[in-house]
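Notes for the one structure printed next.
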Amino acid sequence: MSARPASAQPVAAPRSVKDLRLGESGTICCLKDPEMALKLLEMGCIPGTQVRLNSRAPLGCPITLVVGEAADYTLSLRVSEAATIMLKE
Numbered sequence: 004m005s006a007r008p009a010s011a012q013p014v015a016a017p018r019s020v021k022d023l024r025l026g027e028s029g030t031i032c033c034l035k036d037p038e039m040a041l042k043l044l045e046m047g048c049i050p051g052t053q054v055r056l057n058s059r060a061p062l063g064c065p066i067t068l069v070v071g072e073a074a075d076y077t078l079s080l081r082v083s084e085a086a087t088i089m090l091k092e
């Protein structure tokens with residue numbers, strides 16, 4: 004028998020930009036790596052900003068993101084950098 008109450012939902016693992024599928028959007032919640040944070044903030048990856056995965060290179064890296072709700076600009080990132088950008092649930 005399960006010890007978990009029937010109404011309890013499984014907790015979703017935190018998602019990063021790296022986990023987005025092509026065409027999928029998300030809203031930035033926070034930046035996980037303090038050393039990378041300044042660079043990402045300067046590139047416009049600010050908490051509350053919407054991003055959409057636009058493309059992946061044939062070998063998976065780099066990826067391109069459309070940043071901003073009005074498709075303000077396109078940003079190219081390494082997958083390791085994208086993994087530090089956490090999304091709101």
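Numbering (my numbering), first residue to last: 4 to 92.
Where a beta carbon is used, it is the ideal one built from N, C-alpha and C, also for glycine.
These figures come from a predicted structure and were not determined experimentally.
| Query | Result |
| --- | --- |
| Quick check on this structure: which residue in V69, I31, A40, C48 has the alpha carbon closest to the alpha carbon of R59? | V69 |
| Are M46 and L25 close, meaning C-beta to C-beta below 8 Å? | no |
| Identify, in the order they occur along the chain, each residue of the same chain with its Cβ nearer than 7 Å to the Cβ of A85, setting aside the five sequence neighbours on each side. | S19, V20, K21, I66 |
| Check L56 in the structure and name its three-state DSSP category. | strand |
| In chain order, which beta strand (DSSP E) runs of at least 3 residues are fully inside the segment 15-91? | 28-34, 53-59, 66-70, 76-80, 88-90 |
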